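For reference, the structure discussed in these notes is given below.
Number of protein chains: 2
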Amino acid sequence: MNRVVKNQRNLEDGYQLWLRYAPVTDAPTLTAYRTAITQIMINASSATLSIAQEEIEAGLERLLGVTVPLAKQPDRSGTLVIGTPHNNHVIAELKLGQALDQVGDEGFVIVRTVFQGNDYIAIAANTDIGNLYGVFHFLRHLQTHKPLHDLNISSSPKTKLRMLNHWDNLDRTVERGYAGFSLWDWHKLPDYISPQYKDYARANASVGINGTVLTNVNANALILTKQYLVKVAALADLFRPYGIRVFLTARFSAPVEIGKLDTADPLEPDVIAWWQKKADEIYELIPDFGGFLVKANSEGQPGPHDYGRSHSEGANLLADAVAPKGGVVIWRAFVYDENIPDDRAKQAYDDLVPQDGMFRENVLLQVKNGPIDFQPREPYHPLFGAMPKTPLMLEVQITQEYLGCATHLVYLAPLFKETLDADTYCYGPGSLVADVVDGSLDKHVVSGMAGVSNIGTDRNWCGHPFAAANWFAFGRLAWDHRATSEDIAEDWLRMTFTNEDRFVGLAKAMMIESREAAVNYMTPLGLHHIMARDHHYGPGPWVKGGRADWTSIYYHRADSTGIGFDRTPAGSDAVSHYFSPYREQLSSRDTCPEELLLWVHHIPWQYTMKSGRTLWDELCFKYNSGVESVRHMQQTWDSLAEFVDVARFEHVKGLLEIQEKEARWWRDACLLYFQTFSKLPIPPEYEQPAESLKYYQALTHYYVPGIPERRFG
Amino acid sequence: MNRVVKNQRNLEDGYQLWLRYAPVTDAPTLTAYRTAITQIMINASSATLSIAQEEIEAGLERLLGVTVPLAKQPDRSGTLVIGTPHNNHVIAELKLGQALDQVGDEGFVIVRTVFQGNDYIAIAANTDIGNLYGVFHFLRHLQTHKPLHDLNISSSPKTKLRMLNHWDNLDRTVERGYAGFSLWDWHKLPDYISPQYKDYARANASVGINGTVLTNVNANALILTKQYLVKVAALADLFRPYGIRVFLTARFSAPVEIGKLDTADPLEPDVIAWWQKKADEIYELIPDFGGFLVKANSEGQPGPHDYGRSHSEGANLLADAVAPKGGVVIWRAFVYDENIPDDRAKQAYDDLVPQDGMFRENVLLQVKNGPIDFQPREPYHPLFGAMPKTPLMLEVQITQEYLGCATHLVYLAPLFKETLDADTYCYGPGSLVADVVDGSLDKHVVSGMAGVSNIGTDRNWCGHPFAAANWFAFGRLAWDHRATSEDIAEDWLRMTFTNEDRFVGLAKAMMIESREAAVNYMTPLGLHHIMARDHHYGPGPWVKGGRADWTSIYYHRADSTGIGFDRTPAGSDAVSHYFSPYREQLSSRDTCPEELLLWVHHIPWQYTMKSGRTLWDELCFKYNSGVESVRHMQQTWDSLAEFVDVARFEHVKGLLEIQEKEARWWRDACLLYFQTFSKLPIPPEYEQPAESLKYYQALTHYYVPGIPERRFG
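Residue numbers (this note's numbering), protein chains in the order written: chain A, 254 to 966; chain B, 254 to 966.
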């Protein structure tokens with residue numbers, strides 16, 4: 254079927270992301286906006302304010318269809334005033350001091366007010382970057398056609414470090430990347446700087462992302478050499494006025510690999526000196542360098558354990574090197590032993606909790622949302638709440654390594670929220686993961702959230718047209734984890750596609766149902782880690798052999814008696830890492846949420862679920878529900894053709910067809926495989942598998958994006 | 254220096270290549286066009302004609318600023334009639350039979366004429382694809398503001414196969430590619446077909462390119478498996494109505510690698526049967542599959558020599574497999590022995606000339622423009638003229654592996670023309686390479702030209718904004734090798750940038766001077782193959798060690814007595830491969846063109862050149878001239894800012910700055926190195942080298958685009 258789209262000259266291609274500033278077509282709204290905004294007063298006395306001015310001028314021109322002029326004085330109604338009490342006398346006179354005191358050095362206040370007889374909208378902040386965030390928020394307000402009467406917004410970010418992690422390699426491949434290749438054209442940096450980097454900065458600033466790690470956690474020491482640092486500095490210079498600081502991954506063995514030392518032992522004076530000198534070199538080039546992100550002693554990466562030292566000793570080595578200039582070290586908690594002594598879900602906790610309080614003040618631990626690895630559903634990571642003395646950052650995966658790779662529409666805000674809103678009970682009820690992450694629970698000054706980026710060289714940045722919603726949502730939740738998945742989806746849809754209510758309502762519902770759809774057609778009822786080996790593309794519940802905790806059978810434990818991983822006290826007792834009453838809730842089959850049942854229990858095939866179905870039948874039901882959900886998503890999307898430009902409509906439609914095919918593939922392969930244990934029929938009311946188990950097991954995919962393995966010849 | 258460009262909404266970014274159809278702003282021209290073209294008469298009864306209709310409608314609308322309607326009858330003046338005598342009665346009545354008889358099955362006639370009182374422009378052809386080519390030609394005519402009175406064009410291609418060779422790997426890396434990564438998104442094919450592929454087809458059809466090899470000559474047998482063939486078929490289906498046939502590279506060992514046979518011996522019945530079956534499988538999916546391009550027994554690729562068989566035996570094996578369905582085999586003549594028995598410049602000739610006449614009718618040999626490897630200047634390949642019984646295709650390199658990689662502006666039409674216009678003298682004077690290549694010299698039915706593509710995922714397709722001119726020029730010369738570099742450059746500039754004469758004149762001069770500039774700052778006076786090892790980025794005249802003919806010293810042979818490779822009878826006698834009088838002309842120092850002097854002779858440092866300078870001083874002069882040329886190009890470009898959109902202006906400006914830096918790098922490194930042999934000073938009137946020889950020799954570059962070597966760690 255020819256998916257080719259007529260070559261329309263004005264093809265929307267997704268490049269403008271959610272910053273299209275599409276002309277406001279609703280006449281009353283347009284009139285109200287034009288009346289309320291007749292001129293702009295801003296004193297662009299810094300690079301950041303120049304950027305803010307450029308953005309507001311361009312945005313308003315496109316939205317309102319008129320050039321909104323700059324004004325030196327607010328001499329008529331409808332002045333949009335942007336500034337701080339220090340650089341703008343109108344802002345000062347509006348006496349927003351009390352409000353501004355609440356919003357800190359990144360927040361802003363937006364009010365509509367009358368002053369000396371004239372109607373103003375004021376975007377006020379304590380700093381220039383606060384103003385830039387305010388401008389983007391205001392433009393979002395207009396893009397989503399929100400009303401301007403009674404405008405009274407105060408906003409400040411709940412977490413301090415709101416970061417992207419690019420798993421980008423220096424050869425421009427992107428690990429687990431499905432949107433082409435790495436944005437960073439190292440070969441031409443620092444001399445040539447692509448205009449796209451400016452749009453990257455704009456997009457991030459528009460959702461308050463203020464940090465970016467440019468390199469893969471599977472690190473390459475070369476990035477720390479002068480040759481590359483000058484390239485990094487060029488990017489840092491570009492990003493700085495957007496409020497974005499640059500971080501790098503530090504390969505722990507760099508003192509050996511590029512320093513030519515004999516060791517990288519964190520307690521060795523030479524090594525300490527090397528890192529201090531290296532940090533000084535970096536700060537010479539990049540005065541506001543954010544710091545290092547480190548993956549150590551995990552999946553083959555070097556680290557302090559190589560020298561018999563602890564994680565905290567390793568982290569502190571680097572922390573001391575960057576502390577003088579205000580840098581931080583973000584130490585990834587994704588660690589598990591090569592020798593698999595215990596349930597993988599327990600290992601990070603067992604390794605790190607005893608070291609609580611042993612890390613320097615400027616060290617954060619970056620903790621994945623769950624204790625295995627970014628599965629479609631995991632319980633929250635037990636480290637949250639268990640290390641009160643250490644600032645813990647949340648790491649979520651925006652790129653869809655386990656959620657459909659390049660081809661599935663899966664809106665991830667519900668997944669991110671599920672973790673953020675979870676109660677750790679560490680101080681009793683109301684000790685939410687979000688409160689750990691934003692530092693408020695344990696009064697940490699530094700805090701953060703990181704998202705593994707889904708950005709690449711594909712024209713629309715993220716591959717699937719809907720994948721950009723996850724970048725957007727991550728930024729929105731890093732700023733304010735209390736935002737809802739629905740509101741974020743609605744904003745994104747209005748900004749990215751159209752404000753037509755019918756479209757927004759239906760597309761939003763489609764997005765909201767997509768995460769559970771994926772859980773259902775991939776890993777329902779608490780199943781996890783049953784994907785194909787290495788490239789993780791497609792199902793592989795039969796994967797066995799080699800490292801046990803890199804197989805599938807290790808995690809589902811299907812046998813003739815049932816399926817599921819016993820993490821109760823009778824099993825690995827991973828539940829003991831949680832606080833009461835969650836621990837007990839999980840431990841009992843009767844109270845364990847069914848969506849995590851097989852995460853915690855080994856359940857017999859004939860076990861009766863809440864629905865009345867047996868476990869086996871429930872699995873069949875869930876897998877088929879997932880496929881049905883995708884079909885429902887397809888029907889929804891088809892019904893929205895009139896609201897969407899042809900190119901993007903066809904793009905999403907084409908990918909939904911692939912998603913439906915792949916959902917059936919997951920369903921059929923998994924049910925056939927588990928059936929070899931259950932020995933029960935797939936109820937006849939469901940579609941029967943298209944092919945045999947042998948067929949699915951024989952499927953081989955080469956050159957799946959995002960992973961260099963599985964080459965041929 | 255901040256190279257960042259203001260984010261203009263209507264940013265030209267090069268995506269539209271030379272098909273921008275920019276509105277005609279010159280008032281008289283616009284009036285003339287609108288008067289001459291008031292309606293379109295075309296019977297879009299095929300996919301090709303639908304495409305032609307879409308293109309002419311869209312093109313005219315943008316160019317003329319009005320919608321030019323379709324008409325069923327030519328009932329008023331200014332009808333643009335498009336068709337063949339068989340599908341359009343007006344075309345039939347215009348009695349263009351004689352002209353159409355001359356233009357074959359791809360050509361077209363465009364005439365302006367009066368018929369039955371009405372003024373027509375007729376685009377006539379014998380086939381639908383001829384009409385499509387005619388439409389593109391006509392649109393080019395308008396884009397370049399050419400007059401429509403006395404319109405009388407007959408055009409038909411001189412070579413039959415006009416092909417791109419994509420050195421694209423299945424993991425989407427592109428060997429020697431500097432424009433990002435491979436266009437072909439195999440992971441999503443065949444289900445999702447990017448709209449970009451349609452634009453690829455349009456761009457190629459617009460310059461008459463009618464074939465594309467999708468895969469690297471360093472081949473991967475996987476492309477011949479069903480899993481991949483269905484993906485290839487999806488592309489072939491898309492390209493077909495644009496007149497573009499798909500070809501694939503065939504890995505000679507495929508019968509072993511994917512067929513699980515024990516051998517790939519071309520004379521083994523099982524192997525013969527395997528290829529026949531494979532060809533049948535391909536033709537089932539792709540009825541007009543073009544055939545195979547093969548690199549065998551060269552640089553590690555498998556081939557017939559592995560079984561003690563000849564090139565012709567290998568080629569004929571594949572030729573017989575595809576012959577029944579009209580396919581061809583294109584066998585690359587780029588062969589040289591691993592054991593280096595003789596001057597590399599002689600090896601292809603010595604291997605292949607004895608096999609003239611031994612290849613099947615449907616085999617072409619694809620011969621690089623020169624006998625080494627795409628150097629900035631080479632004499633034409635001695636195979637041209639030496640194998641009258643075998644159709645020889647010309648292979649040129651559009652991607653700039655040896656001509657500046659990603660960062661140099663080098664217009665290559667002069668290089669292509671230099672080869673095409675060269676006289677082989679094989680039948681006396683006037684036996685041009687072009688006449689060999691177009692088949693006319695030896696009356697071959699099949700003929701062709703191939704260009705190693707410079708296309709990738711970069712937004713502007715080719716990386717450097719001016720690199721697209723080389724794709725354009727290749728197509729134009731494949732269609733008509735008598736076109737001039739100047740005319741092609743002028744067309745491209747007018748279509749890509751603007752028709753402003755001042756701009757066109759200066760930018761054209763800049764393009765025309767650029768090839769010689771590169772020769773001068775890299776490899777003047779016949780020097781060749783002195784670039785850095787492996788990645789070929791930057792100078793490496795000191796490269797030695799390992800395979801001799803992969804070093805630099807092998808080619809320049811600099812020593813205390815002089816520099817240059819003696820290819821006269823006193824040396825390797827490679828000149829003997831040329832016909833008289835060229836052979837003699839080269840053999841004597843006095844008559845050898847100075848631009849090839851060191852290609853053929855080992856010349857003393859103090860030798861007096863025609864300029865009166867010594868050889869050493871001439872080298873210094875040439876290298877410095879090259880740098881001066883780049884500076885002149887920079888000045889020219891700077892003077893053209895008013896004519897060019899900001900984004901593309903800044904992009905070219907930034908890359909010219911890099912080019913100037915790299916020209917100095919080449920100059921300084923090469924002169925310092927050769928100076929260690931000449932022991933003569935660089936004349937003081939020139940800039941002295943910025944750094945020491947040691948410095949240049951120590952420079953190490955990692956992850957240079959286009960080559961997977963030189964990894965770190």
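In this text, a Cβ means the ideal position worked out from N, Cα and C, and glycines have one as well. Being a predicted model, the structure only gives us computed values, none of them experimental.
List, in chain order, every chain A residue whose beta-carbon is nearer than 9 Å to that of residue i.
{"i": "residue 710 of chain B", "result": "433, 434, 710, 711 and 712"}
{"i": "residue 660 of chain B", "result": "440, 441, 444 and 445"}
On the DSSP bridge list, what partners appear for residue i?
{"i": "residue 584 of chain A", "result": "A:547 and A:618"}
{"i": "residue 407 of chain A", "result": "A:362"}
{"i": "residue 416 of chain B", "result": "B:464 and B:703"}
{"i": "residue 427 of chain A", "result": "A:421"}
From residue i to residue j, what distance separates their C-alpha atoms?
{"i": "residue 616 of chain B", "j": "residue 500 of chain A", "result": "56 Å"}
{"i": "residue 931 of chain B", "j": "residue 814 of chain B", "result": "8 Å"}
{"i": "residue 694 of chain B", "j": "residue 686 of chain B", "result": "9 Å"}
{"i": "residue 791 of chain A", "j": "residue 601 of chain B", "result": "47 Å"}
{"i": "residue 942 of chain A", "j": "residue 838 of chain A", "result": "36 Å"}
{"i": "residue 554 of chain B", "j": "residue 957 of chain B", "result": "23 Å"}
{"i": "residue 296 of chain B", "j": "residue 328 of chain B", "result": "16 Å"}
{"i": "residue 292 of chain B", "j": "residue 271 of chain B", "result": "24 Å"}
{"i": "residue 339 of chain B", "j": "residue 728 of chain B", "result": "29 Å"}
{"i": "residue 647 of chain B", "j": "residue 913 of chain A", "result": "47 Å"}
{"i": "residue 939 of chain A", "j": "residue 812 of chain A", "result": "23 Å"}
{"i": "residue 964 of chain B", "j": "residue 818 of chain A", "result": "The predicted model places residue 964 of chain B with a pLDDT of 48, which falls under 50 and marks its position as unreliable; any figure quoted below should be read in that light. Whole-angstrom Cα-Cα distance: 41 Å."}
{"i": "residue 770 of chain B", "j": "residue 871 of chain B", "result": "15 Å"}
{"i": "residue 494 of chain A", "j": "residue 949 of chain A", "result": "52 Å"}
{"i": "residue 832 of chain B", "j": "residue 620 of chain B", "result": "18 Å"}
{"i": "residue 638 of chain B", "j": "residue 605 of chain B", "result": "13 Å"}
{"i": "residue 961 of chain B", "j": "residue 804 of chain A", "result": "30 Å"}
With residue i as the anchor, note down where its beta strand (DSSP E) starts and where it stops.
{"i": "residue 498 of chain B", "result": "498-502"}
{"i": "residue 335 of chain B", "result": "332-336"}
{"i": "residue 345 of chain A", "result": "That residue, residue 345 of chain A, is in no beta strand (DSSP E); its alpha helix (DSSP H) goes 342-346."}
{"i": "residue 649 of chain A", "result": "645-650"}
{"i": "residue 294 of chain B", "result": "292-295"}
{"i": "residue 773 of chain A", "result": "Careful: residue 773 of chain A lies outside any beta strand (DSSP E), inside the alpha helix (DSSP H) at 754-775."}
Between which two residues does the alpha helix (DSSP H) holding residue i run?
{"i": "residue 354 of chain A", "result": "350-356"}
{"i": "residue 928 of chain A", "result": "899-931"}
{"i": "residue 865 of chain A", "result": "Note, residue 865 of chain A: premise wrong, no alpha helix (DSSP H); not H, not E."}
I'd like to know whether the C-beta of residue i is nearer than 9 Å to at least one C-beta of chain E.
{"i": "residue 439 of chain B", "result": "No chain E is part of this structure, whose protein chains are labelled A and B."}
At 7 Å on the CB atoms, spell out the chain B contacts of residue i, in chain order.
{"i": "residue 445 of chain A", "result": "256, 907, 908 and 911"}
Find the residues of chain A that neighbour residue i, judging by a C-beta separation of less than 7 Å, and give them in chain order.
{"i": "residue 900 of chain B", "result": "448"}
Buried or exposed: residue i, going by 16 or more other Cβ atoms within 10 Å of its Cβ?
{"i": "residue 451 of chain A", "result": "buried"}
{"i": "residue 370 of chain B", "result": "exposed"}
So is the beta-carbon of residue i under 8 Å away from any non-hydrogen atom of the ligand ADP?
{"i": "residue 408 of chain B", "result": "The ligand ADP is absent from the structure shown, which contains no ligand whatsoever."}
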